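**Q** First the structure, then my questions, so here it is.
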């Protein structure tokens, strides 16, 4: 049963297209018309959800001692709305979300502050293919586009910024009913392009590999996510001179435990241990390296409410410890707390 305005609009749009074709043809329904009808019927075999979310993130940054740039950063992200469409017959899904972001950075040692106000558009397409015997494959394309302005007490007034983050991920999955176990894996090509006008530009290109084996035992599910990324960074100052040319690598392991309750609720815990390294080959920090240790823990709960609603709450704690070859004996520490709430209406 189609219960949303979205499904009505999709149906009306397709029916109008079919009717217009028949009128122009002057011969009633033809083979082409029946194809349109088939497309209409297939397109209506779908499910999905619409929803909203809110995220509050607070960072406490203790900078390298000789720099003394300690600050706090608070980011509020409101997903104004998100729409997800999934067609099982076509094995196709699509997502669009619009988010409003407010980021406020405040110095601990002075009155300096920075405010960023922006909007994010998130678009995602996923086309899957069933290979049989428990195997599936497919391709995902994600685009996150951000546009906004920055204001600061140092004199920046409405600096225009934009960022486009592209991700292409072919994936392969396997599930074995006999052993109640499976695996998900994907490769990724990513390309990020950021423009901060007079503050400069930054481009990132890279690849990553992820594999996640998991096992279900009654109401329990256990898994571990293993990840490795390599990336090239190219940053320029506002006048076009080189700010940074660097190579970046990251790897982590993230065990996952989930328990599903009889009343359609699920509790999950994730812990991440990882590290990354940035090797600078040109720019102000030429021939230097950054090393970062990553620790992260996430606990969340999601619950179905009635037949149509799903609500979710999540808390995440993270702590990064960074060293820099130009600052021997010093370290930079970033501690982060994030709260996330989401509500979805399923159709």
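In mature numbering (1 follows the signal peptide of the UniProt record, and there is no 0), the protein residues as written are -22 to -1, 1 to 325.
For each residue, glycine too, the CB sits at the ideal point set by N, CA and C.
Please read these numbers as outputs of a predicted model, since none were measured by experiment.
1. Give me the Cβ distance between residue 390 and residue 230, rounded to the nearest whole Å; I'm assuming they're in contact under 8 Å.
2. State the Cα-Cα distance for the pair residue 192 and residue 143, rounded to the nearest angstrom.
3. So, helix, strand or coil for residue 102, using DSSP?
4. State yes or no: is the C-beta of residue 145 within less than 7 Å of the C-beta of residue 168?
5. Where does residue 177 fall in DSSP's three states?
6. Residue 275 and residue 295 - do their beta-carbons sit closer together than 7 Å?
7. Check for me: the beta strand (DSSP E) holding residue 291 runs from which residue to which?
8. So residue 115 and residue 121 are in contact, right, with Cβ under 8 Å, and what is the actual spacing, rounded?
9. For the beta strand (DSSP E) containing residue 256, name the first residue and the last one.
10. Just to confirm my understanding: we take residue 154, look at its own chain, exclude 5 residues before and 5 after, and list those with CB closer than 8 Å. What are they?
11. Excluding the 5 residues flanking residue 279 on each side, which residues of the same chain have their C-beta closer than 6 Å to its C-beta?
12. Is it true that the CB of residue 93 sits closer than 7 Å to the CB of residue 104?
13. Pairs of beta-carbons, one from the region 201 to 208 and one from the region 172 to 181, closer than 8 Å: are there three or more?
14. Taking all protein chains shown into account, decide if residue 97 is buried (16 or more other Cβ within 10 angstroms of its Cβ) or exposed.
15. Please report how far the alpha carbon of residue 126 lies from the alpha carbon of residue 78, in whole angstroms.
16. Considering Cα atoms alone, identify which of 314, 261, 131, 318 is closest to residue 40.
17. Kindly list the residues whose CB is nearer than 6 Å to the CB of residue 232, restricted to its own chain and excluding five residues on each side of it in sequence; keep chain order.
18. Looking at the structure shown, is residue 113 part of a helix, part of a strand, or coil, going by DSSP?
19. Just the C-alpha distance for residue 306 and residue 148, rounded to the nearest angstrom, thanks.
20. On the CB-based measure, 16 or more other CB atoms within 10 Å of its CB, does residue 185 come out buried or exposed?
21. Is it the case that the Cβ atoms of residue 134 and residue 150 are separated by a distance below 7 Å?
22. For residue 2 and residue 68, I'd like the C-alpha separation in whole angstroms.
23. Excluding the 5 residues preceding and the 5 following residue 54 in the sequence, name in chain order all residues of the same chain whose CB lies nearer than 6 Å to its CB.
24. Return the bridge partner residues of residue 141 from the DSSP annotation.
25. Could you tell me the alpha carbon to alpha carbon distance between residue 287 and residue 62, rounded to whole angstroms?
26. Could you tell me whether the Cβ atoms of residue 29 and residue 322 are closer together than 7 Å?
27. For residue 74, is the classification buried or exposed, using 16 other Cβ atoms within 10 angstroms of its Cβ as the cut-off for buried?
28. Mark residue 268 as exposed unless 16 or more other C-beta atoms lie within 10 angstroms of its C-beta, in which case mark it buried.
29. So, under 8 Å CB-CB, residue 215 and residue 224 are touching, yes? Tell me the CB distance rounded to an integer number of Å.
30. Determine the extent of the beta strand (DSSP E) in which residue 68 is found, giving its start and end residues.
31. Roughly how many angstroms lie between the CA atoms of residue 71 and residue 273, to the nearest whole one?
32. If you draw a straight line from the C-alpha of residue 254 to the C-alpha of residue 124, how long is it?
33. Helix or strand or just coil, what does DSSP make of residue 213?
34. Any idea what DSSP makes of residue 152, helix, strand or coil?
**A** On the basis of the data shown:
1. Since the first residue of the chain shown is -22 and the last is 325, residue 390 is not available in this structure.
2. 29 Å
3. strand
4. yes
5. helix
6. yes
7. 287 to 302
8. Not a contact, Cβ separation roughly 21 Å.
9. 243 to 261
10. 112, 160
11. 245, 291
12. no
13. no
14. exposed
15. 10 Å
16. 314
17. 203, 248, 250
18. strand
19. 41 Å
20. exposed
21. no
22. Annotation note: pLDDT 39 at residue 2 (below 50); position unreliable, no value reported.
23. 34, 80
24. 124, 172
25. 14 Å
26. yes
27. exposed
28. buried
29. Actually they are not in contact, since the Cβ atoms of residue 215 and residue 224 sit about 15 Å apart, beyond 8 Å.
30. Segment: none, residue 68 is in no beta strand (DSSP E) and carries neither H nor E.
31. 33 Å
32. 25 Å
33. strand
34. strand
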